[in-house]
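Chemist: Here you go, one structure.
In my numbering, the protein residues as written are 11 to 229.
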């Protein structure tokens, strides 16, 4: 079993401790840790957790309109891999998702993950309110800003790295570019660690949290 999942609060706290001049060092350390990870899921988490510490506008939540009543700033990230039967995007290596959504399963044609799979292109939704087709798949809240980077291997779509935050306009193009770099690294390591075989053993997961194409309501 892979290492325990850091909480959203821990990820947010880490963000405040990483100054911009240390960003490249942080990414280098992340890739080194990912290469030494015990399994593909631990590898993904080794890449995502440090990126949550440096990506995004850390003051976004203070700006008018960034948070609605009852909302608070927090971050989540992870990888959605295409299941062997190509029916679902399955969450792997998450940081910040509710424990019961450890194996969140989104229909393969659901929401913006489906858009990324269809286009095989990175995607930035700086403010999800401006995208009427945005679907909420996180159980606890509708995220206000999100980025997606496809994982491609020899022309095949493997999955995608994703990050999201509650506050609108948290993420910008430079954040997406960093995620793209890590998505390329994640893809190479996924194949080197025989991710497809690992996925075949994990799927279907006993703790699957399946949602519909339309998404879920905040609880």
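Glycine residues also receive a C-beta, built at the ideal position from the N, C-alpha and C atoms.
Have a look at 97, 113, 137, 136 and flag the residue whose alpha-carbon is nearest the alpha-carbon of residue 119.
Modeler: One-based indexing of the chain shown puts residue 119 at position 109. Considering only alpha carbons, the answer is 97.
Chemist: So, does the CB of residue 75 fall closer than 7 Å to a CB anywhere in chain B?
Modeler: This model lacks chain B altogether, as it is built from one protein chain only.
Chemist: Note down the Cα distance separating residue 69 from residue 78, rounded to an integer number of angstroms.
Modeler: On the chain shown, position 59 is the one that residue 69 refers to. On the chain shown, position 68 is the one that residue 78 refers to. Answer to the nearest angstrom: the Cα atoms are 15 Å apart.
Chemist: Between the stretch 139-148 and the stretch 112-131, are three or more C-beta pairs nearer than 8 Å?
Modeler: Touching, yes, given that three or more Cβ pairs across the two stretches are closer than 8 Å.
Chemist: How about residue 252 and residue 102: do their beta carbons lie closer than 7 Å?
Modeler: The requested residue 252 is not part of the displayed model; the chain covers only 11 to 229.
Chemist: Which residue marks the beginning of the alpha helix (DSSP H) containing residue 121, and which one marks its end?
Modeler: Counted from its first residue, the chain shown places residue 121 at position 111. Segment 121-129, the alpha helix (DSSP H) holding residue 121.
Chemist: Should residue 163 and residue 203 be called a contact, given that it needs their Cβ atoms to be closer than 7 Å?
Modeler: The residue given as residue 163 occupies position 153 in the chain shown. The residue given as residue 203 occupies position 193 in the chain shown. Not a contact, by the Cβ cut-off of 7 Å.
Chemist: Pick out whichever of 178, 185, 74 has its Cα sitting closest to the Cα of residue 60.
Modeler: As a position in the chain shown, residue 60 is number 50, starting the count at 1. Answer by Cα proximity: 185.
Chemist: Within the same chain, show all residues whose beta-carbon is closer than 8 Å to that of residue 221, passing over the 5 residues directly before and after it, in chain order.
Modeler: As a first step, residue 221 is located in the chain shown; it is residue number 211 there, counting from the start. Hits under 8 Å: 114, 115, 116, 117, 120, 147.
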